[in-house]
Ligand SMILES: Cc1ncc(COP(=O)(O)O)c(C=O)c1O
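Numbering (our numbering), first residue to last: 813 to 1177.
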C-alpha cells in the first residue's frame, strides 16, 4: 500500500481506506455495468439503485423515521444558513444559539428574513464552552430554534440537544458531528450537514427533515429553494450530486460494518480521550475548550509559549501529521479526528507532542 499521511484536516477530511479502495474501483466500473460512477446518467437504473441504497443506509444508520425526508442537496451547509430562514422565518422570530463563527454566519443570513432572538451565547467567553440551560432564554413562540451541534473552529460540542419550549421546531447544523454518535432524529424538525467531514466528499449536503415541517415552508420561492421540491422528487428534481451520494453510501456501509453509531461514539470517545488526557497533564500545551464542552471531533489546543506553534506545525507536517494548524480566525492547533481518523494517528500525534515538549523544556510559561 502506498504511504498515507495522517490527515487532521477539518474538512474535506479523511475517509475510511476501504471506502477509498471501493470508490477507486467504482470510478472505473460501477457494479459491473462497464460504466464508472462519475459517468452514469442520474436517471438510469444503476444510479437509481445507488440513490435508493444511500437513502436506506441513512435511515438505518441514523434511525431516521418515515416522518422525516432524506435529501441530498448542493450549495454546502452555508446554503442552509439562508434556505432555512427563507423557508420558515417569513418575517417572524427565530431563536439561535450563538456558539461560534458558523452559528454567527447562520444568524447573519437569518436576519435577512426576519428577527433573530439570541437564546444563548458563549461569545463573551471566546466560544470556549456550550451555554447551559440556565444561561439560555427562549423567546415566547419562535418559528424554530437553531443550534450548531459541533463547533468545528472552537472544538466545542453539545453533549445533548438544547431544549426549547415544547412544540418549537429544532433545527441543527450538524456539519461536523453528524453520525459520529447516536442521534434521536425524531427530536429534530430539520438537520443539515455538509458531507465533507464525517460523511463523504464536498459537494453534497445531507438534509434530514420532518415532512410536515417542510410542507410549512414558504411557497413564493424559486422552485429549487423550496425543500418540498426535493422531498417530493426524492432529490431528483435536477441532477443530484451523484458521486457524493455514492460515496456517502459507501461510508455508511463502512459505519454499519464497524458496528453503527454506538461503535462510532465509542471509537471517537477513545480517540479524543487519548488527546485530552495528554493535554491535561502537559506543561507546555493546553486545551482551549472548557472540559464540559469538549468536542470529540475537533480537539483545539495551544502552546503556553505561542511562539512555538508555527515550529510545531512545521515539524508535525514533516513527520506525516498534516493539517494541525488551527482555523485562521483563532490560531493555535486543531486536530480534527472524525469517524474515519485512525486511532494510530492520534497515538502518533501524542508521541510527537511528548517529544516536542521534552525538547522544549523551560518554554512552558
Ligand atoms: C459547523 C459548520 N457549519 C457550516 C460549515 C460550512 O460548510 P460548507 O463549507 O459546506 O458550506 C462548516 C464548515 O467547516 C462547519 O464546520
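Using N, Cα and C, we set each Cβ at its ideal position, and we do this for glycine too.
None of these values were measured; they are calculated from a predicted model.
Comparing C-alpha distances from residue 924 to each of 1116, 941, 905 shows the shortest one belongs to 905. Sequence-distant partners of residue 888 (beyond 5 residues in either direction) whose C-beta falls short of 7 angstroms from its own C-beta, in its chain, are 1006, 1017. A contact is defined here as three or more CB-CB pairs under 8 angstroms, and the segment 1090 to 1110 meets this definition with respect to the segment 1165 to 1174.
The C-beta separation of residue 865 from residue 1072 comes to about 17 angstroms, leaving the pair out of contact by the 8 angstroms criterion. Exclusion of the five residues before and after residue 1013 leaves 1056, 1059 as the residues of its chain whose Cβ lies within less than 6 angstroms of its Cβ. Contact check for residue 1107 and residue 1115: beta-carbon distance about 19 angstroms, past the 8 angstroms limit, so the pair fails to qualify.
Taking 7 angstroms as the cut-off, the C-beta of residue 964 counts as close to a heavy atom of ligand 1. As summarised for the segment 840 to 898, the continuous alpha helix (DSSP H) elements at least 4 residues long and confined to that stretch are 857 to 874, given in chain order. If you check the CB distance, residue 956 and residue 900 come in under 8 angstroms.
By alpha-carbon distance to residue 1143, the top candidate from 1120, 1153, 1160 is 1120. Setting aside the 5 residues that flank it on each side, residue 941 is surrounded in the same chain by 934, 968, 1101, 1102, 1104, 1105, each with a C-beta closer than 8 angstroms to its C-beta; the list follows chain order.
The continuous alpha helix (DSSP H) containing residue 1090 extends over residues 1072 to 1093. In the structure shown, residue 929 falls within a strand segment according to DSSP collapsed to helix, strand and coil. Taking residue 886 as the centre and dropping the five residues before and after it, the same chain places the C-beta of 1053 closer than 6 angstroms to its C-beta, in chain order.
Of the candidates 907, 1097, 1042, 907 places its Cα closest to the Cα of residue 951.
Burial check for residue 1137: the Cβ neighbour count within 10 Å reaches 16 or more, so the residue is buried. Residue 1019 and residue 1004 do touch by the CB rule: their CB atoms are close to 5 angstroms apart, below 8 angstroms.
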